[in-house]
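Numbering-wise (the numbering used here), the sequence shown opens with residue 2 and increments by one.
Everything on this sheet refers to the single structure shown next.
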Amino acid sequence: MRELDEKEIRDSFINCSKGEAGRIKLPAGFADGAVPWDDIDFLGWTDPGAPQRALLVVPGEEKPAGIVLRRPEAVKVSAMRSSMCRICLTDHASSGVGLFVAPLAGPAGRRGNTVGEYICSDLACSLYLRGKRQPKMRLVRREETLTLQERIDRAMTNLAAFTDRVAAG
Ligand SMILES: [Zn+2]
2 MRELDEKEIR DSFINCSKGE AGRIKLPAGF ADGAVPWDDI DFLGWTDPGA PQRALLVVPG
62 EEKPAGIVLR RPEAVKVSAM RSSMCRICLT DHASSGVGLF VAPLAGPAGR RGNTVGEYIC
122 SDLACSLYLR GKRQPKMRLV RREETLTLQE RIDRAMTNLA AFTDRVAAG
């Protein structure tokens, strides 16, 4: 994706207040060029200052859309069960996928309404798709016949569907 600057990222959030967007901490190493822009289709990270808060910034036609997410409390899960990220469709041991919950945009969100999605716990879907990161203890391996670009397109379609649900409020 195109490299974004701090202002573009802070201005992109659609489901939190301006004050909250201003307090979000950017990914570790952001200012030092640690974000692998060439290898990612969207920016996803855990707030270094608030580990229960995760952020997604998705490129858009005109401007990027940022989503604030809550990471669930760790729940007891069987390490033997496998789970699939609903964005990139990578299979993980169940700890590799988490249910991320986003407040809806606007008044509905302020009333406490949310939507959730199962996403790679480290939000690194782009790296899994490219084989630059491997799931831990993967139990199931599905052979994909799609090309990398087709799998990226599918992930971005899934992600757009999620951000649209948030934006619809
Ligand atoms: Zn994923």
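Idealized CB from N, CA, C, for every residue including glycine.
In the DSSP output, what is A55 paired with across the bridge?
According to DSSP, A55 bridges with T47, L70.
Between the stretch 21–30 and the stretch 47–55, do at least 3 Cβ pairs fall closer than 8 Å?
With a cut-off of 8 Å, the stretch 47–55 and the stretch 21–30 count as touching, because enough Cβ pairs lie within range.
Given a cut-off of 8 Å on the beta-carbon distance, is the pair I120 and R87 in contact?
Taking 8 Å as the Cβ cut-off, I120 and R87 qualify as a contacting pair.
T91 Cβ short of 7 Å to ligand 1 heavy atom set
Under cutoff, so the answer is yes.
Shortest alpha-carbon distance to D40 belongs to which of L56, R134, R112?
Scanning L56, R134, R112 for the CA closest to the CA of D40 turns up R134.
At what residue ranges does the stretch 88–118 contain a whole run of the alpha helix (DSSP H), taking only runs of 4 or more?
If we require 4 residues or more, the alpha helix (DSSP H) runs fully inside the stretch 88–118 come out as 107–111.
On a CA-only basis, which of L130, L5, S13, A109 is nearest A32? Give me that one, please.
Shortest Cα-Cα distance from A32 to any of L130, L5, S13, A109 involves L5.
Quick check: is any heavy atom of ligand 1 less than 7 Å from the C-beta of C17?
No.
C-alpha distance - L130 paired with G110, whole-angstrom precision
The alpha-carbon separation between L130 and G110 amounts to approximately 31 Å.
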